[in-house]
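>
2 protein chains.
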Amino acid sequence: MRAYVITIGNEILKGRTINTNAAHIGRVLTYAGYDVIRMVVVPDEIDEIVWAFRDGLSRADLIVSTGGLGPTFDDKTVEALAKALNLELELNQEAFSMVKSKYDRLGVELTKERIKMAYMPKGAKPLPNPVGTAPGVYIEYAGKRILTLPGVPAEMEAILDEALPQLRVPGRYYYEESVVVRGIMESALAPVVNEVMRLNAGLVYVKSHPKGIEIDKPVVEVEVSASGSSEEEVRGRVKEAIRQLVSRAKSINPQCC
Amino acid sequence: MRAYVITIGNEILKGRTINTNAAHIGRVLTYAGYDVIRMVVVPDEIDEIVWAFRDGLSRADLIVSTGGLGPTFDDKTVEALAKALNLELELNQEAFSMVKSKYDRLGVELTKERIKMAYMPKGAKPLPNPVGTAPGVYIEYAGKRILTLPGVPAEMEAILDEALPQLRVPGRYYYEESVVVRGIMESALAPVVNEVMRLNAGLVYVKSHPKGIEIDKPVVEVEVSASGSSEEEVRGRVKEAIRQLVSRAKSINPQCC
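Note that the protein sequences, when read in sequence, are chains S and B. Residue numbers are given in my numbering: position 117 of the first sequence equals residue 118, and the series is strictly consecutive. Residue numbers are given in my numbering: position 205 of the second sequence equals residue 206, and the series is strictly consecutive.
Structure follows, in structure tokens:
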């Protein structure tokens, strides 16, 4: 199952905000059994957001977006989502109750900016926001699932946590382990990485992440990961590959790891 | 001038690594006068990287990528770049000298993994890497500029710093300032934001970033920014819009800011 992550917001494009949301979602979905195949960041513009949802729908089984769900003029995600799906935008009664109850508690009136957060594409299901006000949006379309979340990290995380049990890919497990290799240049470790990949072709993925300075002070973190239908099996494959890697790296530099 | 940012690496898609590179590049390019219009993250797969470069070329004047320049099997960026541009991949003599001199210093041989880092599309210019080994790649194609940088942040930043003077958009300035508004819900501030946008239509951009809890403890950071051909003018526009915003916000809650 393939997942696609969309981040909406000019502040990300301008580098004003680091996109920790995409990383969080990527992590959660990977461990939920998905292959995250693409992430995109688009501005607060309808046509760009529409493009992102359509690109996601053409490539993945699950699309998760963050940002653009609030009460301001540049919160355009649900409008764009409706357009991307050719669905009508309507006042969702369940979402309206959620939004209303939040403001009722404070005794403030429901202005059009507040009611805006209860509009959703026809057929969408609002997801309660335990932290903030704007509900998340869940919709199924052409066999694909779309989850639209707020951009505030605490709100995004809370709604995603709630939705996760339904999103998890049944019988699909991911496992990952890393080993830090010191005193071997990444270029010298490359043939070892290649060999371990060959020995476990299609079963594990090995990637080296240089953390030091290639020539003067080489430190390489090697990540080994696997996905499969048994938790025990993927863990076993990763551990065996790590063992192969460490034994070969030690033959280059016995103090490496 | 429009810029497009590509991040290459499975570790970003899996959320193992937070994409600080894209934020850094977005920030630097915004202040260099670009509109960053899209960011994408793609896996270490040729076809996906080719797609990203082509999507960038079809939309932007400058494309900056990070990741996939190293010595390992999954460093595929230059190969994909050559394919995206329909150019031959060749051993770049200038890049070869750069790579060779790094390893010569240590007296180690130039294995094929090390020489790999000197291959570039025909016509590309290598950019010296003062921190690591793999040179950056600069190439002009169909009136567009492409800058390909390593994924290690210190290396990426150093090469980008060096390249920046040539990339800067002449006579284009960006300025941004923020004000923190307390005790006014984002939904109550929305009409104020709208009004300030209307008063300065096309001149400034105003975006509210909720930082607290909408109903119980509202804290909203309002960002005002402008781009234009005079540094003084954009600064003046932003400061005037901030003044309008603060005066209107204070009429809702005098202690707000």
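Virtual Cβ for every residue (Gly too), placed ideally from N, Cα, C.
What does Gly27 of chain S touch in chain B if you count any residue whose Cβ is under 9 Å from its own?
By 1-based counting over the first sequence, the position of residue 27 of chain S is 26. Per Cβ cutoff of 9 Å: Ile13, Leu14, Lys15, Gly16, Arg17 and Val42.
> CB-CB under 7 Å to Gly124 of chain B, same chain, minus the five flanking residues each way: which ones, in chain order?
Residue 124 of chain B sits at position 123 when you count from the first residue of the second sequence. Cβ neighbours of Gly124 of chain B beyond the five flanking positions: Leu88 and Ile140.
> Check Met2 of chain B in the structure and name its three-state DSSP category.
Within the second sequence, the letter at position 1 stands for residue 2 of chain B. It is coil, neither helix nor strand.
> Against chain S, does Pro166 of chain B count as a neighbour if the rule is that its beta carbon must be under 8 Å from one of theirs?
As a working note, residue 166 of chain B is residue 165 in the second sequence. By this cut-off, Pro166 of chain B is not an interface position.
> Going by DSSP, what residue range makes up the beta strand (DSSP E) through Pro122 of chain S?
Residue numbering aside, residue 122 of chain S sits at position 121 when the first sequence is read from its first letter. Looking at the DSSP string, the run of the beta strand (DSSP E) that includes Pro122 of chain S is Tyr120 to Pro122.
> Okay, do the segment 208–223 of chain S and the segment 55–67 of chain B touch, 3+ Cβ pairs below 8 Å being the bar?
no
> What is the DSSP secondary structure of Val41 of chain B, counted as helix, strand or coil?
Here residue 41 of chain B is taken as the residue at index 40 of the second sequence, counted from 1. For Val41 of chain B, the secondary structure class from DSSP, reduced to helix, strand or coil, is strand.
> Within 8 Å of any Cβ in chain S, is that where the Cβ of Ile38 of chain B sits?
Residue mapping note: residue 38 of chain B aligns to position 37 of the second sequence, counting from 1. Yes, its Cβ sits closer than 8 Å to a Cβ of chain S.
> If Arg244 of chain S sits next to Val193 of chain S, beta carbons under 8 Å apart, how far is it from one beta carbon to the other, in whole angstroms?
Looking up residue 244 of chain S in the first sequence gives position 243. Looking up residue 193 of chain S in the first sequence gives position 192. Not a contact, Cβ separation roughly 13 Å.
> Using a C-beta to C-beta distance shorter than 9 Å, which residues of chain B count as neighbours of Val194 of chain S?
Residue mapping note: residue 194 of chain S aligns to position 193 of the first sequence, counting from 1. Within 9 Å Cβ-Cβ: Thr73, Phe74 and Asp75.
> So does the segment 164–184 of chain B actually touch the segment 32–42 of chain B, counting three or more Cβ pairs closer than 8 Å?
yes
> Give me the Cα-Cα distance between Glu49 of chain B and Val43 of chain B, rounded to the nearest whole angstrom.
Working through the second sequence from its first residue, we reach residue 49 of chain B at position 48. Working through the second sequence from its first residue, we reach residue 43 of chain B at position 42. Distance between the alpha carbons of Glu49 of chain B and Val43 of chain B: 6 Å.
> Where does the unbroken beta strand (DSSP E) through Ala227 of chain B begin, and where does it stop?
By one-based count along the second sequence, residue 227 of chain B stands at place 226. First-last of the beta strand (DSSP E) with Ala227 of chain B: Val220 to Gly229.
> Could you list which residues in chain S have their beta carbon closer than 7 Å to that of Thr112 of chain B, in chain order?
The residue you call residue 112 of chain B lines up with position 111 of the second sequence. Neighbours of Thr112 of chain B on chain S, chain order: Ser188.
> Taking Cβ to Cβ, would you say Pro151 of chain B is nearer than 8 Å to Gly172 of chain B?
Mapped onto the second sequence, residue 151 of chain B falls at position 150. Mapped onto the second sequence, residue 172 of chain B falls at position 171. No, the pair does not count as a contact, with Cβ atoms beyond the cut-off.
> So, helix, strand or coil for Ile19 of chain B, using DSSP?
Within the second sequence, numbered from 1, the residue matching residue 19 of chain B stands at position 18. Coil.
> From which residue to which residue does the alpha helix (DSSP H) around Thr78 of chain B run?
In the second sequence, residue 78 of chain B corresponds to position 77, counting from 1. Run containing Thr78 of chain B: Thr78 to Ala85, per the alpha helix (DSSP H) assignment.
> So, is Asp56 of chain S buried or exposed, given that buried needs 16 or more other C-beta atoms within 10 angstroms?
Here residue 56 of chain S corresponds to residue number 55 of the first sequence, with the count starting at 1. Classification for Asp56 of chain S: buried.
> Pick out whichever of S:Ala119, S:Ala83 and S:Val109 has its Cα sitting closest to the Cα of Leu92 of chain S.
The residue you call residue 92 of chain S lines up with position 91 of the first sequence. When each option's Cα is compared against that of Leu92 of chain S, the closest is S:Ala119.
> For Ile243 of chain B, name the three-state secondary structure that DSSP assigns.
Within the second sequence, the letter at position 242 stands for residue 243 of chain B. It is helical.
> For a contact defined as C-beta to C-beta under 8 Å, what are the partners of Val132 of chain B on chain S?
Stepping through the second sequence from its first residue, residue 132 of chain B is reached at position 131. Residues of chain S passing the Cβ test: Ile214.
> Using three-state DSSP, classify Glu158 of chain S as helix, strand or coil.
On the first sequence, position 157 is the one that residue 158 of chain S refers to. It is helical.
> Using DSSP bridges, identify the partner residues of Tyr176 of chain S.
The residue you call residue 176 of chain S lines up with position 175 of the first sequence. Answer is S:Ala227, bridged to Tyr176 of chain S.
> Helix, strand or coil: which one does DSSP assign to Tyr32 of chain B?
The residue you call residue 32 of chain B lines up with position 31 of the second sequence. Reduced to three states, the DSSP call for Tyr32 of chain B is helix.
> Exposed or buried, what is Leu86 of chain B when buried is set at 16 or more other beta-carbons lying within 10 Å of its beta-carbon?
To locate residue 86 of chain B, count along the second sequence from 1; it is residue 85. The residue is buried, with at least 16 neighbouring Cβ atoms inside 10 Å.
> Does the beta carbon of Ala24 of chain S come closer than 8 Å to any beta carbon on chain B?
On the first sequence, residue 24 of chain S is found 23 positions in, with the first residue counted as 1. Closer than 8 Å: yes.
> Measuring straight from C-alpha to C-alpha, what distance separates Leu107 of chain B and Met186 of chain S?
Counting from one through the second sequence, the residue named residue 107 of chain B turns up at place 106. Counting from one through the first sequence, the residue named residue 186 of chain S turns up at place 185. Roughly 11 Å separates the two Cα atoms.
> Just the Cα atoms here: how many angstroms apart are Pro72 of chain S and Lys117 of chain S?
Locating residue 72 of chain S in the first sequence gives position 71, counting from the first residue. Locating residue 117 of chain S in the first sequence gives position 116, counting from the first residue. Going from the Cα of Pro72 of chain S to the Cα of Lys117 of chain S covers about 6 Å.
> Taking buried to mean at least 16 other C-beta atoms within 10 Å of its own C-beta, is Ile47 of chain B buried or exposed?
Within the second sequence, the letter at position 46 stands for residue 47 of chain B. Answer is exposed; the Cβ neighbour count stays below 16.
> I need the DSSP call for Leu70 of chain B, collapsed to helix, strand or coil.
Translated into the one-based positions of the second sequence, residue 70 of chain B becomes position 69. Coil at Leu70 of chain B, not helix or strand.
> So, does the CB of Lys126 of chain B fall closer than 8 Å to a CB anywhere in chain S?
Taking the second sequence and counting its residues from 1, the one referred to as residue 126 of chain B is at position 125. No, Lys126 of chain B does not count as interfacial toward chain S.
> If you drop the 5 nearest sequence neighbours on each side, which residues of the same chain put their C-beta closer than 6 Å to that of Ala81 of chain B?
On the second sequence, residue 81 of chain B is found 80 positions in, with the first residue counted as 1. Within the same chain, Ala81 of chain B has close Cβ partners Ile47, Ile50 and Val51.
> Per the contact definition of three or more C-beta pairs closer than 8 Å, is the segment 5–25 of chain B in contact with the segment 9–24 of chain S?
Verdict: yes, contact present.
> Rounded to a whole number of angstroms, what is the C-alpha to C-alpha distance between Ala135 of chain B and Val100 of chain B?
As a first step, residue 135 of chain B is located in the second sequence; it is residue number 134 there, counting from the start. As a first step, residue 100 of chain B is located in the second sequence; it is residue number 99 there, counting from the start. Answer to the nearest angstrom: the Cα atoms are 7 Å apart.
> Please list, in chain order, the residues of the segment 78–107 of chain S that have any C-beta partner in chain B closer than 9 Å.
If the cut-off is 9 Å between Cβ atoms, the segment 78–107 of chain S has Lys103, Tyr104, Arg106 and Leu107 near chain B.
> Buried or exposed, going by whether 16 or more other CB atoms sit within 10 Å of the CB of Val235 of chain S?
On the first sequence, position 234 is the one that residue 235 of chain S refers to. Buried is the call here.
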